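**Student:**
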Amino acid sequence: MNSELSRLRKAVSRSFDLSMALLPGPMRDPVSVGYLLARASDTLADTSGVSIAERKEALVTFGEVLEKGNFPEAEVARFSKQLDHAGERCLLQSLPECLRAYRQLSSDCRGHVREVLEVILSGQSQDLDRGISGTWVAESDAELEDYCWRVAGCVGRFWTRVGFSTLGAGYSDESPETLEALGTRYGKGLQLINILRDLPKDRSLGRCYLPVENPLDPREVAMVARKWRDQAAEWLQDGDRYATALKSRRLRAASGLPARIGWETLKRLDQADAEALERGVKVERSVVWRCLWESLLW
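Right, dumping it as structure tokens:
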């Protein structure tokens, strides 16, 4: 991967960049390109200064230019001027380089990136539809799990497929099917933790990704959140099993680091009172580095 894309990766990611940096070279490039493209589409979807209809149209265009062409410069300029995050502005302005890197991947890896982006784009579009009415509450467990799949569960499958495509038998002795299932649940668990962490903020904006009868009832929300924290813990255990099944220390560290950070987040969510949850739960940078060293010793 060229230095420009490595710089972009660092500018728009925090802990996940540590995982990507640990990956063996053949796997790092397609995973990094997939991450940057997914982060770019996420930036388009989240740019609140642009109407929902225009953001949905931008996501369609984004999917269309993946194989040929470039995202329109006028659209890049329009979205960029609405962004406060310098890294996100730079990412959108560097989309030609990201697309060029995608097109230089092997046919198999391009297929894996295209496949995961199709799922992610569908999830982003659905999420924008939910924002049209101004308020939204998940109607069922299945709806929440589907959202977690589209945002991050599909990434666990993608990670696995890229691993076997680039490293072959050097990736794991487990079957691809077993690891894809574990990776999917692992990714869903990581997204569920994000939902639980951001629950107070989302509720203040009229959105609740947890299926509750009354999102304004703090007692009910707390009870349902407890249930889903238990589910997140189960899925994180799948992540630990996933990482343990990989052959090299670098692979185990790269794949296991998000789980270690996830466990730290869950611990803080369990310990936080209502006021602390409202302020927002965050894993300190020093703890992230500790998790990294623990992962390297796996």
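Numbering (UniProt numbering), first residue to last: 1 to 298.
Beta carbons are placed, not taken as given, at the ideal position from N, Cα and C, and that holds for glycine.
Computed from a prediction, not measured in an experiment: that's the story for all the values here.
Look at the Cβ atom of LEU92, then the Cβ atom of SER41, and state whether they are nearer than 8 Å.
**Tutor:** It is not a contact, given that the beta carbons lie outside the stated cut-off.
**Student:** In whole angstroms, what separates the C-alpha of LEU117 from that of TYR102?
**Tutor:** Taking the straight line from one Cα to the other gives about 12 Å.
**Student:** Along the chain, which unbroken stretches of the beta strand (DSSP E) at least 3 residues long are found entirely within the region 222-261?
**Tutor:** Entirely contained in the region 222-261, not one beta strand (DSSP E) run reaches 3 residues.
**Student:** Tell me the DSSP bridge mates of CYS154?
**Tutor:** CYS154 pairs with nothing; no bridge assigned.
**Student:** Quick one: grab the DSSP three-state call for TRP293.
**Tutor:** TRP293 falls in the helix class under three-state DSSP.
**Student:** Give me the Cα-Cα distance between ALA74 and ILE193, rounded to the nearest whole angstrom.
**Tutor:** Computed Cα separation, rounded: 36 Å.
**Student:** Is it buried or exposed, ARG150, if we count other Cβ atoms within 10 angstroms and call 16 or more buried?
**Tutor:** Answer is buried; the Cβ neighbour count reaches 16.
**Student:** Determine the direct distance from the alpha carbon of TRP263 to that of SER175, and round the result to whole angstroms.
**Tutor:** Computed Cα separation, rounded: 26 Å.
**Student:** Identify whether VAL137 lies in helix, strand or coil by the three-state DSSP scheme.
**Tutor:** In this structure, VAL137 counts as strand in the three-state DSSP scheme.
**Student:** With contact counted as at least three CB pairs below 8 Å, one residue from each stretch, are the region 18-32 and the region 41-56 in contact?
**Tutor:** The region 18-32 is not in contact with the region 41-56.
**Student:** Leaving out five residues on either side along the sequence, give the residues of the same chain with a beta carbon under 7 Å from the beta carbon of ILE52.
**Tutor:** Once the five neighbours on either side are set aside, the close Cβ partners of ILE52 are LEU128, GLY131 and ILE132.
**Student:** List the DSSP bridge partners of ARG207.
**Tutor:** Its beta-bridge partners are TRP136.
**Student:** So is residue 342 buried or exposed if we call it buried at 16+ other beta carbons inside 10 Å?
**Tutor:** Coverage of the chain is limited to positions 1 through 298, which leaves residue 342 absent and any answer about it impossible.
**Student:** In the DSSP output, which residue or residues are listed as bridge partners for SER172?
**Tutor:** Per DSSP, LEU246.
**Student:** Mind reading off the beta-carbon distance from TYR96 to ASN70? Whole number of angstroms is fine, and I expect it under 8 Å.
**Tutor:** The residue you asked about is not Tyr; residue 96 is Pro in the sequence shown. Yes, PRO96 and ASN70 are in contact; Cβ-Cβ is about 5 Å, under 8 Å.
**Student:** Does the Cβ of LEU277 have 16 or more other Cβ atoms within 10 Å, making it buried, or fewer, making it exposed?
**Tutor:** Burial call: buried.
**Student:** Rounded to whole angstroms, what is the Cα-Cα separation between SER153 and LEU190?
**Tutor:** Reading off the sequence, residue 153 comes out as Gly, not Ser. Spanning the two alpha carbons is a distance of roughly 8 Å.
**Student:** For PRO186, which of LEU144, ARG241, VAL288 and CYS90 has the nearest alpha-carbon?
**Tutor:** The amino acid occupying residue 186 in the given sequence is Tyr; Pro does not appear at that position. It is ARG241.
**Student:** Taking C-beta to C-beta, are PRO215 and SER19 nearer than 8 Å?
**Tutor:** Contact flag unset, no.
**Student:** If GLY123 and THR160 are in contact, beta carbons under 8 Å, what's the gap, nearest whole angstrom?
**Tutor:** That pair is no contact at about 19 Å.
**Student:** From the DSSP output, in three-state form, read off LEU66 for me.
**Tutor:** LEU66: coil per DSSP, three-state reduction.
**Student:** Let me make sure I understand the geometry here. Which of ARG207, LEU196, LEU37 and SER80 has the alpha-carbon closest to that of GLU64?
**Tutor:** Comparing Cα-Cα distances from GLU64 to each of ARG207, LEU196, LEU37 and SER80, the minimum goes to LEU37.
**Student:** The alpha helix (DSSP H) that contains GLU4, what's its start and end?
**Tutor:** Residues 3-12.
**Student:** Evaluate SER107 with the Cβ neighbour count: other Cβ atoms within 10 Å of its Cβ, from every protein chain shown; 16 or more gives buried, anything less gives exposed.
**Tutor:** Exposed: under 16 other Cβ atoms inside 10 Å.
**Student:** Would you mind reading off the limits of the alpha helix (DSSP H) that contains PRO30?
**Tutor:** Start and end: 25-46.
**Student:** Identify whether GLY131 lies in helix, strand or coil by the three-state DSSP scheme.
**Tutor:** Here GLY131 sits in coil by DSSP.
**Student:** Answer with buried or exposed for ALA253, where buried requires no fewer than 16 other C-beta atoms within 10 angstroms of its C-beta.
**Tutor:** Classification for ALA253: buried.
**Student:** By Cβ distance, which residues of its chain are closer than 6 Å to ARG9, with the 5 residues on each side in sequence left out?
**Tutor:** Answer for ARG9: ASP17 and SER32, listed in chain order.
**Student:** Might you give, ordered along the chain, the residues of its own chain that have their beta carbon closer than 7 Å to the beta carbon of ASP245, omitting 5 neighbours on each side?
**Tutor:** Residue identity check: residue 245 is Ala in the sequence provided, not Asp. Around ALA245: SER172, GLU174 and LEU179.
**Student:** List the endpoints of the continuous alpha helix (DSSP H) containing LEU95.
**Tutor:** Taken as a continuous stretch (DSSP letters only), the alpha helix (DSSP H) holding LEU95 covers 95-103.
**Student:** Name the residue from SER204, LEU196 and LEU236 whose alpha carbon lies nearest to the alpha carbon of ALA225.
**Tutor:** Residue LEU196 is the option with its Cα nearest to ALA225.
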